[in-house]
Amino acid sequence: MGTAQPCARCQQTKPTSHHFEGPVCRSCFGKAVRTRGRCPACGTERLLPGRDEHAVAVCRDCAGLDRDFSCERCAHEGDLWPGRLCERCTLHDLVARLLADADGRPQPFLAPVMAAVVDTDRPRSRLMWVRSPHISRLLEDLAAGRVPLSHDGLDAAPVRTAALLRDLLMDTGVLPRRDRQFLLYQRWLADRLAAVHNPDHRQLLRRFDTWHVSRRFRTKAAKEPLSQSQIKYARNQISQAAALLAWLDRRGLDPGQCTQADLEAWHREHSNTAAQMFLRWAMHNGCMPKLKRAAQASGGRPQAAPPYVPEGQLARVLRDEDLPRRTRVAGTLVLLYAQPVTRIVNLTTEHIADDGAALTITLGEPPMPVPEPVAGLIRDYLNTDHHRLPYASARSRRWLFPGRQAGQPMTARALQTILRDAGIAPGVGRAEALRRFVEHTPPPVAAKALGYTDFTTEQAAADRGVTWSRYAAGGHGHRPPP
Ligand SMILES: [Zn+2]
Ligand SMILES: [Zn+2]
Ligand SMILES: [Zn+2]
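Structure below.
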């Protein structure tokens, strides 16, 4: 064995490791001890390592093989490891040894970990994983108490090593579930911070993450799973903050020495919104002097007297340039105009009128003027992105949100998914928008303009504690006395 000779099964000249009907190479042996099924000769369901005269896989008895493939302990037939144990029994023994106390006894509190690690349909790959030095060491550290059995404990281990074990422990309920997107973010953050060379900057960024970014994530993730776009937004904010610190450094400045002129230069060279989350946090926490941020300053563009102040989700959607414009436009229709997804997909470009100065949208009667910066967003979308969408047909072009089916708009379900991925819950956002709307507009007027029935808007007004019925429909813009 071991000398190069033609393999009886694949006919290649290779070192052969075993002898069946003839010398067999290592890879053909590997296949033989993993071929399972009903033996065509005797009808038994078992390992089929042998070959009959037509090279069909048969069981050991029908092939007349001397070799026994049964595990010494559990009699399972397969690849045998030292001690003539199958992969599953070998895995079990290895994990038990790694998780034992100093005297080699199993530790009761680690029994659930043991169960989680050995429970698998693919014992071989699990065995390979446990045998890797990082995982072996981590299991030993758990057993010795050097790593506590908790999320925080695993947080201290190298991120990539802990990730798979953490997944396993969450899947089996040993550890409470933690948001996967959040874990991905943490993995990314560890790499990102490691790339920051200035230790003061690294520490400041870590504080920004701990006390602002991750903290918000923890609160959100407790309610619903985080979306990819939320994570992407946070990663951008961290990267921009790191860029700002490096930029100040190149000007020989600590963040605490930044002046209004420096900040304006930063915004000129980057964008009005660059690093804004960090800037707000740093100024609020005294890490930077309180300066006027570009995002706060009036942009010089004449405002179409917006009847609203974008806040919360709407502000984010309007600001987040990482989101595709299509998503931002759809999000605005939900969050500002309280439109249901089913109606949004049925809007056509004819519902938007733009004379270059004012942009209006027709959702009901009469058409409504669209304030900045929403008007600009819709304009940009129609003039650029909308042309570049992969139209299924020329007729698709008329839809504000064309779909993949020829001549059809996007499906409501598809749009819903896009919005959800961007962190917008259409139902909640719409109800909130409707309530906000009726704060400023009598329900019958709002109903007509938004394309709703009076009842829906009355209901929203009631939810908001607004009693418009005491006022004549038409008394626009007045809020009832408290
Ligand atoms: Zn072979
Ligand atoms: Zn057989
Ligand atoms: Zn076994």
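Quick note: the working numbering has the sequence shown finishing at residue 485, numbered continuously throughout.
We treat Cβ as the ideally placed atom computed from N, Cα and C, and that holds for glycine.
The C-beta of Phe112 has fewer than 16 other C-beta atoms within 10 Å across all chains shown, which makes the residue exposed. CA-to-CA, the gap between Arg41 and Met131 works out to about 28 Å.
Contact between Phe404 and Val348 holds: CB atoms are separated by about 6 Å, below the 8 Å threshold. The C-alpha of Arg296 lies about 48 Å from the C-alpha of Ile138. When the five nearest sequence neighbours on each side are left out, the beta carbons in the same chain lying within less than 7 Å of the beta carbon of Lys223 are those of Leu229, in order along the chain. The closest heavy atom of ligand 2 lies less than 8 Å from the beta carbon of Asp64.
In the three-state reduction of the DSSP assignment, Cys92 falls in the helix class, which pools H, G and I. In this structure, Gly334 sits away from Leu207, with a CB-CB distance that is not shorter than 9 Å. Counted as a single uninterrupted DSSP element, the beta strand (DSSP E) harbouring Lys17 occupies residues 16 to 22.
Summarising the contact set, residues whose Cβ lies nearer than 5 Å to any heavy atom of ligand 1 are, in chain order, Cys10, Arg12, Cys13, Cys28, Cys31. Under the three-state reduction of DSSP output, Ala318 falls in the helix class.
Leu321 has its alpha-carbon roughly 10 Å from the corresponding atom of Glu314. Taking all protein chains shown into account, Thr213 has fewer than 16 neighbouring C-beta atoms within 10 Å of its C-beta and is therefore exposed. Under the three-pair Cβ rule at 8 Å, the segment 95 to 103 counts as touching the segment 133 to 147. Not one heavy atom of ligand 2 sits closer than 8 Å to the Cβ of Cys77. In the structure shown, Thr164 adopts helical secondary structure according to DSSP, grouped into three states.
In the three-state scheme derived from DSSP, where H, G and I count as helix and E and B as strand, Thr387 is classed as helix. Pro429 counts as buried, since at least 16 other C-beta atoms from the protein chains shown sit within 10 angstroms of its C-beta. Spatial neighbours of Gly426 in its own chain (CB-CB distance under 7 Å, excluding positions within 5 residues in sequence) are listed in chain order as Ser230, Ser232, Gln233. Counting along the chain, the unbroken alpha helix (DSSP H) around Cys31 starts and ends at 29 to 35. For Leu50, the uninterrupted beta strand (DSSP E) run begins and ends at 48 to 50, by DSSP. Beta bridge pairing from DSSP links Thr351 with Trp402.
Secondary structure note for Gln8: its beta strand (DSSP E) is the uninterrupted segment 7 to 9. Between the beta-carbon of Thr363 and that of Val373 there is about 6 Å, and that keeps the pair under the 8 Å contact cut. Residue nearest to Gln243 within the set Asp265, Ala318, Arg218, Thr276 is Thr276 (criterion: CA-CA distance). The C-alpha of Thr351 is placed about 44 Å away from the C-alpha of Met286.
Distance check between Asp357 and each of Met371, Asp424, Phe23 places Met371 closest, using alpha-carbon atoms only. Per DSSP, Gly156 is one residue of the alpha helix (DSSP H) stretching across 154 to 159. Of the heavy atoms belonging to ligand 3, none sits nearer than 8 Å to the Cβ of Cys42. Thr19 sits buried, since 16 or more C-beta atoms from the chains shown fall within 10 Å of its C-beta. For Ser128, the closest C-alpha among the options Ala452, Leu167, Val150 is that of Leu167. With a threshold of 8 Å, the Cβ atom of Cys89 does not count as near ligand 2, since no heavy atom of the ligand is closer than that. Taking C-beta separations shorter than 7 Å and ignoring five residues to either side along the sequence, the partners of Arg180 in its chain run Met173, following chain order. Taking C-beta atoms under 8 Å as the contact rule, Arg328 and Asp383 qualify, at a distance of about 6 Å. Taking a 10 Å sphere around the C-beta of Cys13, we find fewer than 16 other C-beta atoms and assign the residue as exposed.
DSSP places Thr444 in the coil class of the three-state scheme, outside both helix and strand.
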